Amino acid sequence: MLSREENDQRLAKIWADVQIYAPTDAMAQDVFYEYWKKLGMILCPDCSSDNIRRVDGERECECLDCGMTSWFTSGTLLSRVKLFKSYLAASLLFEAGLTISGPQFSKLTGTPQTSAYTILRKFRMAISNQMSSDAEQFSGQLVRLLIAKRTLETPANSHPFVEQELIDEALQNDLANNIEPAGASDDENFVDGINGDDQDENLSEYEKVKKVVLSLLSDVGLTADTISLRTGFAIGKVTGSLSELELFGEARVEPGGKYFKGAPAKQSQSQIPLTETIIIALTNFYEFVIEYFHRVGRKGLQTYVAALWCTLDRERWGRGSVMHLCGTHPPVTYREILNYVSPPLLNIIVG
Ligand SMILES: [Zn+2]
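Residue 33 is where the sequence shown starts when you use this note's numbering, and the numbers rise one by one after that.
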């Protein structure tokens with residue numbers, strides 16, 4: 033995965049390019065048209081002829097064989113859209129393997145917030161739909177910490193108000209500090225085969241967090257937020273540690289989000305074997321969400337897994353791939369976006 037800094041620099045570059053090459057929505061629309069035309073994707077819906085006439089900047093096309101007029105965006109992901117420039121920028125950034133949140137996209141491109149959210153969600157849904165049967169499945173339970181964000185579903189009285197404020201402040205700080213991805217940097221500090229207390233010196237920062245978190249767990253349940261408050265560790269690091277401890281049977285979580293020491297009485301993931309590759313993929317997913325989105329809603333979870341796939345599989349999602357997808361994927365309506373719910377078992381492409 034790219035560093036956050038490089039990601040953001042490249043985002044800015046793409047947006048600068050869009051402003052040079054397609055400074056208006058009409059011109060961005062032309063870019064899509066030309067690209068699809070080049071790939072032979074602009075065909076008359078009636079007679080399938082590619083003998084099509086269109087005036088620059090127009091959506092309407094005329095078939096020179098049968099005379100039918102139609103919109104070249106009909107039946108595509110760009111059906112009825114207006115903000116072509118934003119769609120072009122989003123296509124280019126996805127196919128460059130970059131990541132952006134709705135608010136950041138809105139700020140970078142001047143796209144209104146709701147549209148920014150809609151556009152990105154459309155792309156993530158469309159990309160998610162391209163996951164083949166090669167995808168492995170995992171239980172959403174394993175990543176529930178990422179979705180533990182206080183949403184409308186969270187009972188308002190589950191935490192004292194003051195604690196809530198502290199948490200919010202901690203979250204703000206995390207965002208401001210861009211949270212270092214857990215365990216990303218100090219692998220080389222880890223020295224094998226050292227015994228005794230000295231070992232602590234050689235643990236990576238992430239391992240240290242995990243160790244402290246584990247030491248706090250007991251038969252008395254603690255939430256991730258409480259652990260974060262007690263230790264001063266960023267919530268992202270605490271949740272990352274907890275999920276890993278849980279994966280390896282050192283912690284268990286019970287309804288209400290409280291963590292206890294020890295393995296669960298019965299495995300929630302029992303039907304699905306957890307391979308090492310899935311664990312690695314899930315660890316990547318944690319880092320990805322925490323870095324770019326902090327946390328996400330449960331409903332959209334699958335689309336973020338898809339977004340990570342796009343980031344990592346540069347062969348599948350290389351240049352032109354997303355602009356092509358815009359022309360082949362059926363429209364995604366606003367209602368479909370609102371009603372989208374991730375499947376109980378999530379799909380992830382590993383390896
Ligand atoms: Zn025709």
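We put the CB at the ideal spot given by N, CA and C, even for glycine. From a predicted model like this one, the values you see are computed outputs, not experimental measurements.
Problem - Unbroken beta strand (DSSP E) run spanning asparagine 379, endpoints - result: It spans 377 to 380 - the beta strand (DSSP E) in which asparagine 379 sits, taken as one unbroken run.
Exercise for the section: Identify which residue in Tyr67, Thr335, Thr263 has its Cα closest to the Cα of glycine 352. Expected result: Just measuring C-alpha positions, the residue of Tyr67, Thr335, Thr263 sitting nearest glycine 352 is Tyr67.
Practice task
Give me the Cα-Cα distance between asparagine 205 and aspartate 257, rounded to the nearest whole angstrom.
Solution key: Bear in mind that the predicted position of asparagine 205 carries a pLDDT of just 46, short of 50, making it too unreliable to give a figure here.
Problem - Selection from Leu34, Tyr119, Ser106 that minimises the alpha carbon distance to alanine 60 - result: The residue with the shortest Cα to Cα distance from alanine 60 is Tyr119.
Practice task
Mind checking which residues open and close the alpha helix (DSSP H) that includes threonine 131?
Solution key: Annotation for threonine 131: no alpha helix (DSSP H) segment contains it, and DSSP assigns it neither H nor E.
Practice task
Using beta-carbon positions only, say whether lysine 293 and leucine 249 come within less than 7 Å of one another.
Solution key: Yes, Cβ-Cβ distance for lysine 293 and leucine 249 is below 7 Å.
Exercise for the section: Closer than 8 Å by C-beta to tyrosine 65: which residues in its own chain qualify, once you throw out the five before and the five after it? Chain order, please. Expected result: Cβ neighbours of tyrosine 65 beyond the five flanking positions: Ile74, Arg86, Phe104.
Practice task
Please classify lysine 139: is it buried, with 16 or more other beta-carbons within 10 angstroms of its beta-carbon, or exposed?
Solution key: A residue is called buried when at least 16 other Cβ atoms come within 10 angstroms of its Cβ; lysine 139 does not meet this threshold and is exposed.
Handout entry: At least 3 beta-carbon pairs within less than 8 Å: the region 119 to 131 vs the region 360 to 379
Key = The answer is no - the region 360 to 379 does not touch the region 119 to 131, with fewer than three Cβ pairs under 8 Å.
Handout entry: Segment limits, alpha helix (DSSP H) that includes serine 171
Key = The continuous stretches of alpha helix (DSSP H) do not include serine 171, which lies in the beta strand (DSSP E) extending over residues 168 to 171.
Exercise for the section: Use the C-beta contact count for threonine 255: other C-beta atoms within 10 angstroms, 16 or more gives buried, fewer gives exposed. Expected result: So threonine 255 ends up on the buried side.
Practice task
Between the Cα of proline 13 and those of Glu323, Glu308, Ile151, spot the shortest distance and give me the residue it belongs to.
Solution key: The structure shown does not extend to residue 13, since the chain is modelled only from 33 through 383, so no value can be given for it.
Handout entry: beta strand (DSSP E) runs contained entirely in the region 85 to 127, provided each spans 3 or more residues
Key = Listed in chain order, the complete beta strand (DSSP E) runs (minimum 3 residues) inside the region 85 to 127 are 92 to 95, 101 to 103.
Practice task
May I ask you to report which of helix, strand or coil DSSP gives leucine 71?
Solution key: Reduced to three states, the DSSP call for leucine 71 is coil.
Handout entry: Inter-residue Cα distance where the pair is valine 354 and glutamate 276
Key = In a straight line, the C-alpha of valine 354 is about 33 Å away from that of glutamate 276.
Practice task
Please find out if some non-hydrogen atom of ligand 1 comes closer than 6 Å to the beta-carbon of cysteine 93.
Solution key: Annotation for cysteine 93 indicates a beta carbon at 6 Å or more from all heavy atoms of ligand 1.
Practice task
Along the beta strand (DSSP E) that carries arginine 351, what are the first and last residues, could you check?
Solution key: Neither: arginine 351 is in no beta strand (DSSP E) and is coded neither H nor E.
Practice task
Decide if isoleucine 199 is buried, meaning its Cβ has at least 16 other Cβ atoms within 10 Å, or exposed.
Solution key: Note that isoleucine 199 scores a pLDDT of 39, beneath 50, so its modelled location is shaky and nothing firm can be said.
Handout entry: Rounded straight-line distance, which links the Cα of phenylalanine 170 to that of arginine 330
Key = Approximately 14 Å between the Cα atoms of the pair.
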